[in-house]
Amino acid sequence: MPANPEKAELIFVFGHSYLSTMDEVKKLFDKKYSDRILITGHSKEKLKDIEADRFFKRGIELGIPEKTFLLEREATNSKENIIFSKPIIDKEIGFNNIKTILFVCKAFHSRRVLMTAKKFFPTNIKFCFYPVIDERNIRKENWWKNDITKTRVLEEIRRISEYTLSGDLSIEN
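Quick note, the sequence shown lines up with residues 26 to 198 if you use the numbering used here.
This is the structure:
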C-alpha cells in the first residue's frame with residue numbers, strides 16, 4: 026500500500042524486529058497525526074521478548090508520553106494483531122469514536138494488513154497507511170533483485186492467497 030497518512034483517532038503499530046519503526050511513529054506523533062498509539066505483538070517465538078514492550082520502551086525513550094500508548098502483548102500473527110486489539114480499542118477509545126486508523130507496518134505487509142482490517146474491523150472505519158522499510162530494504166522498486174527479498178515478497182503473496190481462501194482476509198474494496 027502506498028503511504029497515505031491522515032489524521033486519525035489511532036495509530037496502529039504492528040510489532041516486529043525492526044525497532045527503528047518507532048522513530049517513524051515518533052514523527053507521526055510529533056506531527057499530530059494522532060494522540061493515541063496502539064502497539065500490538067508478542068512474537069512468533071513465545072520465549073522471545075515481547076515486541077509490543079520493546080516498541081513501547083523505544084517510544085518512551087524517544088519522548089512519547091506513556092499515557093499515549095495502548096499495548097496488546099499476545100498476538101503472534103497479523104490476524105491475532107487485529108482480533109486481540111479490538112477489545113482494547115473498544116474499551117479505551119470506543120469504536121464509535123473512531124473514524125480513521127493509521128496503520129504503521131512493513132511496506133510489503135501492508136496489503137495483508139488492509140485485507141485483515143477490512144475483514145475484522147467495523148466497516149465504517151477508514152484505513153490509511155504509513156509503511157516502513159526494514160533492514161532488508163524491501164521496496165516495490167527492488168524486491169525481485171536478490172533472493173532474500175524476492176523470497177519474502179513471494180511468501181507474502183502466498184500468505185495472502187492462503188488466508189483469503191481460508192476466509193481470514195477480505196477481498197472487498
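Using N, Cα and C, we set each Cβ at its ideal position, and we do this for glycine too.
In the three-state DSSP reduction, P112 falls in the helix class (H, G or I). I123 sits close to E34, with the two beta carbons spaced by under 8 angstroms. Judged by DSSP in its simplified three-state form, Y188 adopts helix. Two segments are said to touch when three or more pairs of C-beta atoms, one from each, lie closer than 8 angstroms; by this definition the region 174-182 touches the region 123-142. DSSP lists V129 as the bridge partner or partners of Y155. When the alpha-carbon of D74 is set against those of F146, F154 and E99, the nearest one is in E99.
Within the region 54-80, complete beta strand (DSSP E) segments of at least 3 residues are found at 62-65, given in chain order. Distance between C130 and V38, taken at the CA atoms: about 6 angstroms. The residue from S68, H67 and L53 with its alpha-carbon nearest to that of R61 is L53.
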